[in-house]
Amino acid sequence: MNAIYISSIHLALGDAVALEALDDPEVSAELARLGEEGLRRVRVAPLKTWQLAAEAATGSLGVLDEPPPDGVIYTSDDAGTPGQSEALSRLLTALDLQQAAAVAIGGHGCGNLGPALRVARALMIAEGWSRVLFVTADRAGPRRRLRRESLSVLGDGAAACVLENRLRRPSFELCGVATATLPLVPSDGPAFERARLTLRGVRAAVDRLCEDMSVSRADFDRVVVNNYGATARQLVTMAAGVSADRVLPGAAEDTGHCFSADPFINICRAQTDGVMPDGSRVLVIANGAASWSALGLRAVLRVPAA
Numbered sequence: 017m018n019a020i021y022i023s024s025i026h027l028a029l030g031d032a033v034a035l036e037a038l039d040d041p042e043v044s045a046e047l048a049r050l051g052e053e054g055l056r057r058v059r060v061a062p063l064k065t066w067q068l069a070a071e072a073a074t075g076s077l078g079v080l081d082e083p084p085p086d087g088v089i090y091t092s093d094d095a096g097t098p099g100q101s102e103a104l105s106r107l108l109t110a111l112d113l114q115q116a117a118a119v120a121i122g123g124h125g126c127g128n129l130g131p132a133l134r135v136a137r138a139l140m141i142a143e144g145w146s147r148v149l150f151v152t153a154d155r156a157g158p159r160r161r162l163r164r165e166s167l168s169v170l171g172d173g174a175a176a177c178v179l180e181n182r183l184r185r186p187s188f189e190l191c192g193v194a195t196a197t198l199p200l201v202p203s204d205g206p207a208f209e210r211a212r213l214t215l216r217g218v219r220a221a222v223d224r225l226c227e228d229m230s231v232s233r234a235d236f237d238r239v240v241v242n243n244y245g246a247t248a249r250q251l252v253t254m255a256a257g258v259s260a261d262r263v264l265p266g267a268a269e270d271t272g273h274c275f276s277a278d279p280f281i282n283i284c285r286a287q288t289d290g291v292m293p294d295g296s297r298v299l300v301i302a303n304g305a306a307s308w309s310a311l312g313l314r315a316v317l318r319v320p321a322a
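According to the working numbering, the sequence shown is numbered sequentially starting from 17.
Okay, structure coming up:
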């Protein structure tokens, strides 16, 4: 696999709002249960989704003293925003990157991260790009924030990073990415069917990743999962076949489930907490309702002087 390095991760999250302060009858009715799942606050933003994306992307672009990126990958499945083409156009204008080659990706919901990274990697190889701006952003908008199937509360947020084909700054090397898709079970369908689907999907994605990387599950030092409630996180951990003591705590209590930005949020949190040392091999599980991706990362935080 051609080396791709993820660096300059920046977040743009809404304000932290206590769950009991939300004007959301469904959340209010489940406060006790959500508290038992370890959920306390959720991020709520007045900005539009593309504005959150622009804020995060501006932070990532701020580290670049070289020419602008060769391409932009934007992913979102926010049903409350303009169409993808209009949102992408507004984002590029806000960043003054109107001339950049840009691709918008969606369709996998909260699992957009894996497929979008696969497209980004393929374009970098096929087009000979050396640098790509990668942005994922979503807002709950008019939709209900409570997600009963994953015992989570949707938060508003964006994450951006720079993908490069050379190691130029502290980074995470993208060593592999695998995605499994299975037939969708409706959110109001049988809970056991959704659980069974999650088990199959996560297991298939991790199996494929380990095979592609020629590693075993035991080779990963850290595991990152989405910011669901505790029960759903435990299900994903079990499906991945990894030890629970390697799963990073995440930020569910403070942020809620911020769609595809969750893995970046949790990686940033781990770095802040000092639990992501140089050389760590990280397994990321990024899943949606019918799409499960497994990412293999290696922390390269000490960069040799040029």
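Ideal placement from N, C-alpha and C gives every residue a C-beta, glycine not left out.
Counting only runs of 3+ residues fully inside the stretch 161-215, write out the beta strand (DSSP E) ranges in chain order.
173-180, 187-197
On the three-pair Cβ rule with 8 Å, is the stretch 127-134 touching the stretch 28-41?
no
Output the distance between the C-alpha atoms of Leu215 and Met254, rounded to the nearest integer angstrom.
8 Å
First and last residue of the alpha helix (DSSP H) that includes Ser105?
100-110
Under the three-state reduction of DSSP, which class applies to Leu63: helix, strand or coil?
coil
Considering Arg314, what are the terminal residues of the beta strand (DSSP E) in which it resides?
307-316
The alpha helix (DSSP H) that contains Leu129, what's its start and end?
129-143
May I have the straight-line CA-CA distance separating Asp112 from Thr288, to the nearest angstrom?
31 Å
Are Pro186 and Arg147 close, meaning C-beta to C-beta below 9 Å?
no
If I follow the unbroken alpha helix (DSSP H) through Ser44, where does it start and stop?
41-45
Which value, in whole angstroms, describes the spacing of the CA atoms of Ala268 and Ala34?
12 Å
Taking only the alpha-carbon atoms, compute the straight-line gap between Ser232 and Gln115 and give it to the nearest angstrom.
43 Å
When DSSP builds the beta bridges, which residues end up paired with Asp154?
Gly173
Cβ contact (3+ pairs, closer than 8 Å) linking the stretch 103-110 and the stretch 63-79:
yes
Looking at C-alpha atoms only, which residue of Arg49, Leu149, Pro83, Gly144 is the closest neighbour of Ala69?
Leu149
Once you ignore the five residues that flank Val60 on each side, which residues in its own chain have a CB closer than 7 Å to its CB?
Gly30, Asp31, Val33, Asp172
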